Amino acid sequence: MSRILLADDSPQALRLAEQILSSQGLEVVSVTDGEVALRRLADVFPDILIIDVYLQSKNAFEVARFMRAEPDFHQTPIIFAAAPADQFNEQDAKSAGADLILRKPFEASALLGGVQLLLERNSTARSTAKVAASGLDRNSIRAAVTLALDSAMPAMIEELTQRVLLALSSRR
């Protein structure tokens, strides 16, 4: 189960996002300010952070910069959530570490689509990092898979041929 750390000072935004995310089986841990979000990172270890742009004590920019500088959290996807009236430079948000910017009130499909996209992207990045850490490279793995398929191919072709012949003969 994926874990989302949700930081927003609006009770309505928290409830709405919690309902949308938990309805899809995601675990949601909610906090109401940026300082608490920073303190909770280590015990929650979220798969994604969704954070209101302008929070008390620490805003989304400060939290994102902290996370990008920390080895444990530098790859954690971050979604900045902004109220319609919030004025900020989206390029500055991206530079600070935002992977995605969503406007509130949250539309379920946009929130879930963004979360799913970032979870998949992060999963792929973690898998690639594990392979790299193991000392294997993509070309070595590709070569091993090619050899395995080359040796298994004749048996697979024979099995499929037999099944097709059996299926065709049973139709007659």
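Letter by letter, the sequence shown follows residues -4 to 167 of this note's numbering. Heads up, the beta-carbon is just placed ideally off N, CA and C, and yes, glycines get one too. These numbers come from a predicted model, not from an experiment.
Q) When the Cα of L97 is compared with those of E22, A55 and R137, which residue comes out closest? A) On the sequence shown, residue 97 is found 102 positions in, with the first residue counted as 1. The shortest C-alpha separation from L97 is found at A55.
Q) Among all the DSSP beta bridges, which residues are the ones paired with V26? A) The residue given as residue 26 occupies position 31 in the sequence shown. Note: V26 sits in a beta bridge opposite A2.
Q: Would you grab the beta carbon distance between S(-3) and E13 for me? Rounded to a whole angstrom, and I think it's under 8 Å.
A: What you label residue -3 is simply residue 2 of the sequence shown in a count that begins at 1. What you label residue 13 is simply residue 18 of the sequence shown in a count that begins at 1. About 14 Å separates the two Cβ atoms, so there is no contact after all.
Q | Whole-number beta carbon distance between P100 and T71, since they are thought to touch under 8 Å | A | Your numbering for residue 71 matches position 76 in the sequence shown. Your numbering for residue 100 matches position 105 in the sequence shown. T71 to P100, Cβ: 24 Å. No contact.
Q) Would you call the CB atoms of L113 and L95 closer than 8 Å? A) As a first step, residue 113 must be located in the sequence shown, where it is residue number 118. As a first step, residue 95 must be located in the sequence shown, where it is residue number 100. At the C-beta level, L113 and L95 come within 8 Å of one another.
**Q.** Secondary structure of D47, DSSP reduced to three states
**A.** Residue numbering aside, residue 47 sits at position 52 when the sequence shown is read from its first letter. DSSP, reduced to helix, strand and coil, places D47 within a strand of the structure shown.
Q: Throw me the rounded Cβ distance for the D47 and D3 pair, which I believe falls under 8 Å.
A: Here residue 47 refers to the residue found at position 52 of the sequence shown. Here residue 3 refers to the residue found at position 8 of the sequence shown. Confirmed, about 4 Å.
Q. Hey, which unbroken runs of the alpha helix (DSSP H) at 4 residues or more fall wholly within the region 62 to 119?
A. For the region 62 to 119, the continuous alpha helix (DSSP H) assignments of 4+ residues that do not extend past its boundaries occur at 85 to 91, in sequence order.
**Q.** Helix, strand or coil at L21 according to DSSP, with G and I counted as helix
**A.** Start at 1 with the first residue of the sequence shown, and residue 21 comes out as number 26. It is coil, neither helix nor strand.
**Q.** Cutoff 7 Å; reference F61; Cβ partners in own chain excluding five residues on either side
**A.** On the sequence shown, position 66 is the one that residue 61 refers to. Around F61: L33.
Q: Using 10 angstroms around the beta-carbon of G29, count the other beta-carbons present and answer buried if the total reaches 16, otherwise exposed.
A: Stepping through the sequence shown from its first residue, residue 29 is reached at position 34. By the 10 Å Cβ count, G29 comes out buried.
(Q) Measuring straight from C-alpha to C-alpha, what distance separates S25 and S18? (A) One-based indexing of the sequence shown puts residue 25 at position 30. One-based indexing of the sequence shown puts residue 18 at position 23. Between S25 and S18, the C-alpha separation is close to 15 Å.
Q | Helix, strand or coil at S(-3) according to DSSP, with G and I counted as helix | A | Taking the first residue of the sequence shown as 1, we reach residue -3 at position 2. It is coil, neither helix nor strand.
Q: Just mark A150 as buried or exposed, buried being the case when its beta carbon has 16 or more other beta carbons within 10 Å.
A: For this step, residue 150 is matched to residue 155 along the sequence shown. Counting other Cβ atoms within 10 Å of its Cβ, A150 stays below 16 and is therefore classed as exposed.
Q. Exposed or buried, G92, counting other C-beta atoms within 10 Å across all chains shown (16 or more means buried)?
A. Within the sequence shown, residue 92 is the residue found at index 97, counting from 1. Here G92 is buried, its C-beta having at least 16 other C-beta atoms within 10 Å.
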